[in-house]
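Undergrad:
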Amino acid sequence: RRFKVAVVGATGAVGEAMLSILAERRFPVSELVVLASERSAGESIDWRGDEVVVRDLAGFDPAGVEIALFSAGGSVSKEYAPKFAAAGAVVIDNSSAFRYDDDVPLVVSEVNPEAVKQRPRGIIANPNCSTMQMLVALAPIHREAGIERINVATYQSVSGAGRAAMEELGRQTGALLNFQGADPQRFPVQIAFNVIPQIDEFMDNGFTREEMKLVWETRKILGDESIGVNPTAVRVPVFYGHAEAVHIETRDRIGAARARELLAAAPGVEVVDERVPGGYPTPVTHASGRDAVYVGRIRDDLSHPRGLDLWIVSDNIRKGAALNAVQIAELVAAEG
Ligand code: A2P
């Protein structure tokens, strides 16, 4: 059976990847509708050799759409996702608009696929990119040894902040190499040749919203409110691919050798862990444009008997967003 599929935010960094991943994975599409704002309505996009014309979301009637992938920001999702769901579509939403609602499942396809079935509002949420890649790697360790606590520092690429943010890194890099000013617009300070310890807004507790997403989403997806998560989220001048230095403490001692074994067998994970120069994953050498979550630098924590250190890298636009959304769509399609 084939499905009428809509992609909302199809001209954005994630939306464009959704379209190519739907094609790559030969998702059973009977009709594809690509939607964006009135700014890009009328543009045409090549999809599997066909010209598809971008339509304005505001004037679109969702009747007949069966699966809708949303990635046009939280306010667009808040307004339009319920309308698509009311018209009968299953909405897979990449924004944070519904992630923390109890009646909206938050799903990583390798971790809690069964959760897609409980969707009373017809909406399934796609997790934040940083949480996504971290949990693909940590879930198999959690299942075997139980994770008590996670300390994580992220190194996040600019594509996570959208197309305009990528353009800003390019523009600033060129300007600075030509002895001109950086002129920050999308980022609070210069991003080229710099690192910024702030992603999203500050919360009352001193953490940023991006950091709290790691706390809230980890607990919801693993179904364990007792897991301690202590995050620092940092933006780095990389185009595609997030990296994370992750330190965990497990309930039972597991050890680096067993962790490496579990990771090697885990779906969606590739272990790259040779102790030689370049024998570890980086955004540029491994993750960018690829589907897997890459894990390297697996070692026993020197300072804690049940501690383990890992370096986790993945393409934030693919597994971190578009790919997982399409994998959720595949789970829905498999229901028949
Ligand atoms: P548009 O290209 O017409 O502005 P990114 O995160 O890379 O900036 O992409 C955001 C995506 O969300 C784009 O496809 C953008 O379309 C779309 N978008 C933003 N605002 C709206 C809106 N009000 N209605 C529909 N689509 C929107």
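Here the sequence shown is numbered in the UniProt record's numbering, starting from 6 and rising by one per residue.
Virtual Cβ for every residue (Gly too), placed ideally from N, Cα, C.
With distances taken Cα to Cα, identify the nearest neighbour of Ser308 among Val13, Arg263, Glu254 and Ser293.
TA: Start at 1 with the first residue of the sequence shown, and residue 308 comes out as number 303. Looking at the Cα atoms, Glu254 is the closest of the given residues.
Undergrad: How big is the Cα-Cα spacing for Pro213 and Arg6?
TA: Residue mapping note: residue 213 aligns to position 208 of the sequence shown, counting from 1. Residue mapping note: residue 6 aligns to position 1 of the sequence shown, counting from 1. Correcting the residue type first, residue 213 is Thr in the shown sequence and not Pro. Rounded to whole angstroms, Thr213 to Arg6 spans 44 Å at the Cα level.
Undergrad: Tell me the DSSP secondary structure of Leu307 in three-state form.
TA: The residue labelled residue 307 in the question sits at position 302 within the sequence shown. Note: Leu307 maps to coil in three-state DSSP.
Undergrad: For the ligand A2P, is there a heavy atom less than 7 Å away from the beta-carbon of Ser293?
TA: Position 288 of the sequence shown, counted from the first residue, corresponds to residue 293. Ser293 Cβ: outside cutoff for every heavy atom of the ligand A2P.
Undergrad: State the CB to CB distance for the pair Val163 and Leu181, rounded to an integer number of angstroms; the pair is presumed to be in contact (CB under 8 Å).
TA: As a first step, residue 163 is located in the sequence shown; it is residue number 158 there, counting from the start. As a first step, residue 181 is located in the sequence shown; it is residue number 176 there, counting from the start. Wrong, their Cβ atoms sit about 15 Å apart, outside the cutoff.
Undergrad: Can you look up Ser101 in the DSSP assignment and give me helix, strand or coil?
TA: Position 96 of the sequence shown holds residue 101. Ser101: coil per DSSP, three-state reduction.
Undergrad: In this structure, does DSSP put Gln177 in helix, strand or coil?
TA: As a first step, residue 177 must be located in the sequence shown, where it is residue number 172. It is helical.
Undergrad: Quick check on Val96: does DSSP put it in helix, strand or coil?
TA: On the sequence shown, position 91 is the one that residue 96 refers to. Val96: strand per DSSP, three-state reduction.
Undergrad: Just to confirm, is the Cβ distance from Leu74 to Val13 under 8 Å?
TA: Translated into the one-based positions of the sequence shown, residue 74 becomes position 69. Translated into the one-based positions of the sequence shown, residue 13 becomes position 8. Yes, the pair counts as a contact, with Cβ atoms nearer than the cut-off.
Undergrad: Could you check if Val81 belongs to the surroundings of the ligand A2P, using beta carbon to heavy atom distance under 7 Å?
TA: Taking the first residue of the sequence shown as position 1, residue 81 is located at position 76. Indeed, a heavy atom of the ligand A2P lies less than 7 Å from the Cβ.
Undergrad: Should the segment 327-339 be called in touch with the segment 100-116, which here means at least 3 C-beta pairs below 8 Å?
TA: Yes, since at least three Cβ pairs between the segment 327-339 and the segment 100-116 fall closer than 8 Å, the two stretches touch.
Undergrad: To the nearest angstrom, how far is the alpha carbon of Arg126 from that of Ala90?
TA: The sequence position of residue 126 within the sequence shown is 121, counting from 1. The sequence position of residue 90 within the sequence shown is 85, counting from 1. Cα to Cα, the separation comes out at about 7 Å.
Undergrad: What separation, rounded to the nearest whole angstrom, lies between the Cα atoms of Phe8 and Val300?
TA: Working through the sequence shown from its first residue, we reach residue 8 at position 3. Working through the sequence shown from its first residue, we reach residue 300 at position 295. If you take the alpha carbons of Phe8 and Val300, they lie about 35 Å apart.
Undergrad: Residue ranges of each beta strand (DSSP E) run of no fewer than 3 residues wholly in the segment 202-282, ordered along the chain?
TA: Complete beta strand (DSSP E) runs here, min 3: 233-240, 247-255 and 274-276.
Undergrad: Compute the Euclidean distance between the alpha carbons of Ile317 and Lys218, then round it to the nearest angstrom.
TA: Taking the sequence shown and counting its residues from 1, one reaches residue 317 at position 312. Taking the sequence shown and counting its residues from 1, one reaches residue 218 at position 213. One C-alpha to the other measures close to 17 Å.
Undergrad: Taking the alpha carbon of Arg168 as the point to measure from, which residue in Arg191, Gln185, Glu29 and Gly151 has its own alpha carbon closest?
TA: Against the sequence shown, residue 168 aligns to sequence position 163. Nearest option by C-alpha distance: Arg191.
Undergrad: Starting from Val109 and walking both ways along the alpha helix (DSSP H), at which residues does that stretch end?
TA: Taking the first residue of the sequence shown as position 1, residue 109 is located at position 104. Careful: Val109 lies outside any alpha helix (DSSP H) and carries neither H nor E.
Undergrad: Using beta-carbon positions only, say whether Ile201 and Arg265 come within less than 8 Å of one another.
TA: As a first step, residue 201 is located in the sequence shown; it is residue number 196 there, counting from the start. As a first step, residue 265 is located in the sequence shown; it is residue number 260 there, counting from the start. Not closer than 8 Å, so no.
Undergrad: Quick check on the DSSP output: the alpha helix (DSSP H) that includes Lys324 runs from which residue to which?
TA: Residue numbering aside, residue 324 sits at position 319 when the sequence shown is read from its first letter. Counting along the chain, Lys324 falls outside any alpha helix (DSSP H), and DSSP gives it neither H nor E.
Undergrad: Roughly how many angstroms separate the alpha carbons of Ala297 and Glu119, rounded to a whole number?
TA: Taking the first residue of the sequence shown as position 1, residue 297 is located at position 292. Taking the first residue of the sequence shown as position 1, residue 119 is located at position 114. Distance between the alpha carbons of Ala297 and Glu119: 21 Å.
Undergrad: Looking at Val19 and the ligand A2P, is the gap between the Cβ and the nearest heavy atom below 7 Å?
TA: On the sequence shown, residue 19 is found 14 positions in, with the first residue counted as 1. Yes, Cβ of Val19 sits closer than 7 Å to a heavy atom of the ligand A2P.
Undergrad: Cα separation between Gly273 and Asp320?
TA: For the purposes of this step, residue 273 is taken as residue 268 along the sequence shown, with counting starting at 1. For the purposes of this step, residue 320 is taken as residue 315 along the sequence shown, with counting starting at 1. If you take the alpha carbons of Gly273 and Asp320, they lie about 12 Å apart.
Undergrad: Starting from Tyr85, follow the beta strand (DSSP E) in both directions and report where the run begins and ends.
TA: Here residue 85 corresponds to residue number 80 of the sequence shown, with the count starting at 1. That residue, Tyr85, is in no beta strand (DSSP E); its alpha helix (DSSP H) goes Gly79 to Ala91.
Undergrad: Would you call the segment 129-148 in contact with the segment 92-107, where contact means no fewer than 3 C-beta pairs closer than 8 Å?
TA: The segment 129-148, when compared against the segment 92-107, does touch it at the 8 Å Cβ threshold.
Undergrad: Per DSSP, what kind of secondary structure is Ile196 in: helix, strand or coil?
TA: Taking the sequence shown and counting its residues from 1, the one referred to as residue 196 is at position 191. Residue state, collapsed to three classes: coil.
Undergrad: Would you give the residue range spanned by the alpha helix (DSSP H) that Ala135 belongs to?
TA: Translated into positions along the sequence shown, residue 135 becomes position 130. Reading the sequence as shown, one finds Ser at residue 135 and not Ala. Start and end: Cys134 to Ala150.
Undergrad: Measure from the alpha carbon of Arg31 to the alpha carbon of each residue in Val331, Thr178 and Ile259, then state which is nearest.
TA: As a first step, residue 31 is located in the sequence shown; it is residue number 26 there, counting from the start. Here the closest residue by C-alpha is Val331.
Undergrad: Should Ala41 and Val59 be called a contact, given that it needs their Cβ atoms to be closer than 8 Å?
TA: As a first step, residue 41 is located in the sequence shown; it is residue number 36 there, counting from the start. As a first step, residue 59 is located in the sequence shown; it is residue number 54 there, counting from the start. Yes, the pair counts as a contact, with Cβ atoms nearer than the cut-off.
Undergrad: The ligand A2P and Gly175: does the residue's C-beta get closer than 7 Å to at least one heavy atom of that ligand?
TA: Counting from 1 along the sequence shown, the entry for residue 175 is found at position 170. False, no ligand heavy atom lies under 7 Å from that Cβ.
Undergrad: Please report the straight-line C-alpha distance between Glu172 and Arg280, rounded to a whole angstrom.
TA: Within the sequence shown, the letter at position 167 stands for residue 172. Within the sequence shown, the letter at position 275 stands for residue 280. If I take the Cα positions, the gap works out to 35 Å.
Undergrad: With a threshold of 7 Å, establish whether the CB of Arg44 neighbours any heavy atom of the ligand A2P.
TA: The sequence position of residue 44 within the sequence shown is 39, counting from 1. Arg44 Cβ: within cutoff of the ligand A2P.
Undergrad: What do you reckon, is the C-beta of Arg323 under 7 Å from a heavy atom of the ligand A2P?
TA: Counting from one through the sequence shown, the residue named residue 323 turns up at place 318. Arg323 Cβ: outside cutoff for every heavy atom of the ligand A2P.
Undergrad: Have a look at Ser25 and Trp52 and give me their C-alpha separation to the nearest angstrom.
TA: Indexing the sequence shown from 1 puts residue 25 at position 20. Indexing the sequence shown from 1 puts residue 52 at position 47. Near 8 Å, if we compare the C-alpha coordinates of Trp52 and Ser25.
Undergrad: Considering only DSSP beta bridges, list what Asp55 is partnered with.
TA: Working through the sequence shown from its first residue, we reach residue 55 at position 50. Asp55 pairs with Trp52.
Undergrad: Closest to Arg311 by C-alpha separation, out of Ile322, His147, Ala68 and Leu37, would be which residue?
TA: By 1-based counting over the sequence shown, the position of residue 311 is 306. The shortest Cα separation from Arg311 among Ile322, His147, Ala68 and Leu37 belongs to His147.
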